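Take 2 as the starting number for the sequence shown in this note's numbering and just add one per residue.
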Amino acid sequence: MSYAQVYGQWQQDPEGFWLSAAGGIDWVQKPTKALDDSRAPLYEWFTDAEVNTCWNAVDRHVVAGRGKQPAIIHDSPVTGTRHTITYAELQDRVSRLAGALKARGIQKGDRIIIYMPMVPEALEAMLACARLGAIHSVVFGGFAAHELAVRIDDCTPKAIISASCGIEPSRVVHYKPLLDAAIDQASHKPDFCVIFQREQEVAKLTEGRDLDWHEFQHGVAPADCTPVAGNHPAYILYTSGTTGAPKGVVRPTAGHLVALNWTMRAIYNVGAGDVFWAASDVGWVVGHSYICYGPLIAGCTTVVYEGKPVGTPDAAAFWRVINEHKVRSFFTAPTALRAIKRDDPDGKLVPPLPTLQALFLAGERADPDTIHWAQTHLKVPVIDHWWQTETGYAIAANPLGIEQLPVKIGSPSVPMPGFDVQVLDEGGHPVSPGTLGAIAIRLPLPPGTLPTLWNAEDRFRKSYLTHFPGYYETGDAGYVDADGYLYIMARTDDVINVAGHRLSTGAMEEVLAGHKDVAECAVIGVADELKGQSPLGFLCLNKGCNRPHDEVVRECVQLVRDQIGPVADFKRAVVVDRLPKTRSGKILRGTMVKIADGQPWKMPATIDDPAILDEIARALQSLGLARG
Numbered sequence: 002m003s004y005a006q007v008y009g010q011w012q013q014d015p016e017g018f019w020l021s022a023a024g025g026i027d028w029v030q031k032p033t034k035a036l037d038d039s040r041a042p043l044y045e046w047f048t049d050a051e052v053n054t055c056w057n058a059v060d061r062h063v064v065a066g067r068g069k070q071p072a073i074i075h076d077s078p079v080t081g082t083r084h085t086i087t088y089a090e091l092q093d094r095v096s097r098l099a100g101a102l103k104a105r106g107i108q109k110g111d112r113i114i115i116y117m118p119m120v121p122e123a124l125e126a127m128l129a130c131a132r133l134g135a136i137h138s139v140v141f142g143g144f145a146a147h148e149l150a151v152r153i154d155d156c157t158p159k160a161i162i163s164a165s166c167g168i169e170p171s172r173v174v175h176y177k178p179l180l181d182a183a184i185d186q187a188s189h190k191p192d193f194c195v196i197f198q199r200e201q202e203v204a205k206l207t208e209g210r211d212l213d214w215h216e217f218q219h220g221v222a223p224a225d226c227t228p229v230a231g232n233h234p235a236y237i238l239y240t241s242g243t244t245g246a247p248k249g250v251v252r253p254t255a256g257h258l259v260a261l262n263w264t265m266r267a268i269y270n271v272g273a274g275d276v277f278w279a280a281s282d283v284g285w286v287v288g289h290s291y292i293c294y295g296p297l298i299a300g301c302t303t304v305v306y307e308g309k310p311v312g313t314p315d316a317a318a319f320w321r322v323i324n325e326h327k328v329r330s331f332f333t334a335p336t337a338l339r340a341i342k343r344d345d346p347d348g349k350l351v352p353p354l355p356t357l358q359a360l361f362l363a364g365e366r367a368d369p370d371t372i373h374w375a376q377t378h379l380k381v382p383v384i385d386h387w388w389q390t391e392t393g394y395a396i397a398a399n400p401l402g403i404e405q406l407p408v409k410i411g412s413p414s415v416p417m418p419g420f421d422v423q424v425l426d427e428g429g430h431p432v433s434p435g436t437l438g439a440i441a442i443r444l445p446l447p448p449g450t451l452p453t454l455w456n457a458e459d460r461f462r463k464s465y466l467t468h469f470p471g472y473y474e475t476g477d478a479g480y481v482d483a484d485g486y487l488y489i490m491a492r493t494d495d496v497i498n499v500a501g502h503r504l505s506t507g508a509m510e511e512v513l514a515g516h517k518d519v520a521e522c523a524v525i526g527v528a529d530e531l532k533g534q535s536p537l538g539f540l541c542l543n544k545g546c547n548r549p550h551d552e553v554v555r556e557c558v559q560l561v562r563d564q565i566g567p568v569a570d571f572k573r574a575v576v577v578d579r580l581p582k583t584r585s586g587k588i589l590r591g592t593m594v595k596i597a598d599g600q601p602w603k604m605p606a607t608i609d610d611p612a613i614l615d616e617i618a619r620a621l622q623s624l625g626l627a628r629g
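What follows is the structure in structure tokens.
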């Protein structure tokens, strides 16, 4: 079937479509209906079913005779180690960890926070929770103590599973002191903590509370899988909210299983025995969906990579992993590719990649220049796709396993089944093709997407459902072309108003990224007394570029004027060494705007390197900004 036929099939019979997709999952009790709309606009899926995630991700593959197949490949250039865990070994390790948790009183519905680096034990902890029906909340390893404390108080975990340390290329990150400080700060106290001691650092355990990972499991009977209701929360994943308070995105069990299983074949074109690699972290939604659950549910081998795109040891690190482990589908963020391109602009370090069928990009807008670079040097389809923490998988994509559609650079292609994507004006009315507007999704959202926020139903309604009644508000702005291809141009907050003209900062960034000396860039709108807002560009240059900065800036200003026009009012840009980003690679444009406008701002909890903001402030001051 073609994409159009599959999407049309979903449109004509949404319930039938998802009940059919549910056939790919092992059920304790099969669903008799797909959608539960009894609390609309709060929708749920497969509520009358019973199922277990861990069974579907681990045990059923062993039962099917594939116990000797690798389930996890851990590749850690920062520690110089690599090892493989088969499905049979994973079943043993997860069932024993679950048994130890059960022996300490963990039951269905209890919450457990997981605060770990990129090691297989992080996945084992997630799966052990799922085995018992406990609800895990993974917090990015090394996250600040205060932010961890906020999450402890919000989800009130019975236990915390952590590690002694994380490893960065230039340092050891001491997890245990951060964990201790977070527990001290939090009002809620966990009953116990389980600490995985790494060779690089052995942490001091707190007597009466902390348990050693291995000793904790010694002599304990393994646990069987506990069936849970279809709408039982599989996990809570916190995402930063605009108010500063974290939002706990809830992921329902059955919809999560059905949707992820469907995407592995339909979008990524992989199945049992294929090697799939998502170069992300288990602390982010990509790590949940496509390092841990999606590949394992589909019977793939998943790669857990503890390293960087550059510096561990060089810009060829990703290509080594792909060739060494025979990766078929590779998923990363554009920011990682830009880092590689900046170190290796001519692609001299890219070898032939015979097993790779496609590169998938998500997490932020993929600029055309980066996609061109990847297409040229990797010689495989480069597939941009768009999704959010809230949805858990792609809203729009090029469905490689159904039909490879023509790639339109700058577009994540077309909506996937389940997503009725609309572009609306401020009044909630659909706009014509090519017109910039707010991107919204007609309710109900498909299975596996968030049904609510943890302990915050009112906030869920206000954040997502109120502005455009009958729709889920994505917070992204863009347009749809005449062929139905979607273009994500900016967050809604990043659409700037210059003398009454609504302009996309993303469109300007596309132009700047096309300059031969620009490795990465960002555009923000700063306050302007006359025009309301005025665009300002930040440029990171390729390594080896030794031209005068003012010369590059002049050329970039002219490029925007030539390609977008004088209406953009793009007159200012500044060269910086780095851009401030979250650990998942998103550029902190909102914080940059506040610094530029002299407004009060708060250090973002998710920032990768706080020192970069000092450089940004100095650059802004050189332009006469950031004086507040």
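Even glycine gets a Cβ: it sits at the ideal position worked out from N, Cα and C.
Computed from a prediction, not measured in an experiment: that's the story for all the values here.
For residue i, is the classification buried or exposed, using 16 other Cβ atoms within 10 angstroms of its Cβ as the cut-off for buried?
i	result
P253	buried
Q201	exposed
A72	buried
V64	exposed
V79	buried
S3	exposed
L504	buried
P335	buried
S171	exposed
T243	Because the pLDDT at T243 is just 46, under 50, the model does not fix this residue reliably, and the point stays unresolved.
H215	exposed
I341	buried
D459	exposed
A520	buried
P353	exposed
Q389	buried
Check the DSSP bridge columns for residue i and list the partner residues they point to.
i	result
Q423	A441
A478	A439 and A491
R252	Y236
W278	F331
E521	C541
Starting from residue i and walking both ways along the beta strand (DSSP E), at which residues does that stretch end?
i	result
D76	P71 to S77
V29	Careful: V29 lies outside any beta strand (DSSP E) and carries neither H nor E.
P15	Note, P15: premise wrong, no beta strand (DSSP E); alpha helix (DSSP H) at P15 to A22.
Q198	Run containing Q198: none; DSSP gives neither H nor E here.
Y291	No beta strand (DSSP E) contains Y291, which DSSP labels as neither H nor E.
V499	V496 to V499
V174	R172 to H175
Tell me the residue span of the alpha helix (DSSP H) that contains residue i.
i	result
F631	A query on residue 631 cannot be resolved here, the shown segment of the chain reaching from 2 to 629 and no further.
G591	R590 to A597
W320	A318 to H326
L542	Run containing L542: none in the alpha helix (DSSP H); it sits in the beta strand (DSSP E), G533 to L542.
C166	First-last for C166: C166 to E169, but that is the beta strand (DSSP E), not the alpha helix (DSSP H).
E125	P121 to L133
I136	I136 -> not in any alpha helix (DSSP H); beta strand (DSSP E) instead, spanning I136 to V139.
I115	Taken as a continuous stretch (DSSP letters only), I115 belongs to no alpha helix (DSSP H), being part of the beta strand (DSSP E) at R112 to Y116.
G507	T506 to A514
On the three-state DSSP scale, how would you describe residue i?
i	result
T467	coil
Y269	coil
A483	coil
D155	helix
P1	The requested residue 1 does not occur in the structure, where the chain is confined to residues 2 to 629.
A285	The residue asked about is misnamed: residue 285 is Trp in this sequence, not Ala. If DSSP states are grouped into helix, strand and coil, W285 belongs with coil.
D578	coil
T302	strand
D459	helix
D615	helix
L454	strand
T244	Note that T244 scores a pLDDT of 48, beneath 50, so its modelled location is shaky and nothing firm can be said.
R584	coil
D181	helix
I107	coil
A627	coil
R562	helix
Closest Cβ-Cβ distance between residue i and chain C: below 8 angstroms?
i	result
P452	Absent from the structure is chain C; it holds one protein chain and no more.
Closer than 7 angstroms to a non-hydrogen atom of the ligand PLP - does that hold for the CB of residue i?
i	result
D529	The model depicted lacks the ligand PLP and carries no ligand whatsoever.
Residue ranges of each beta strand (DSSP E) run of no fewer than 3 residues wholly in the region 344-408, ordered along the chain?
-> Segments of the beta strand (DSSP E) lying fully in the region 344-408: 359-362, 383-385 and 395-398.
Alpha helix (DSSP H) runs contained entirely in the region 33-101, provided each spans 4 or more residues | Listed in chain order, the complete alpha helix (DSSP H) runs (minimum 4 residues) inside the region 33-101 are 61-64.
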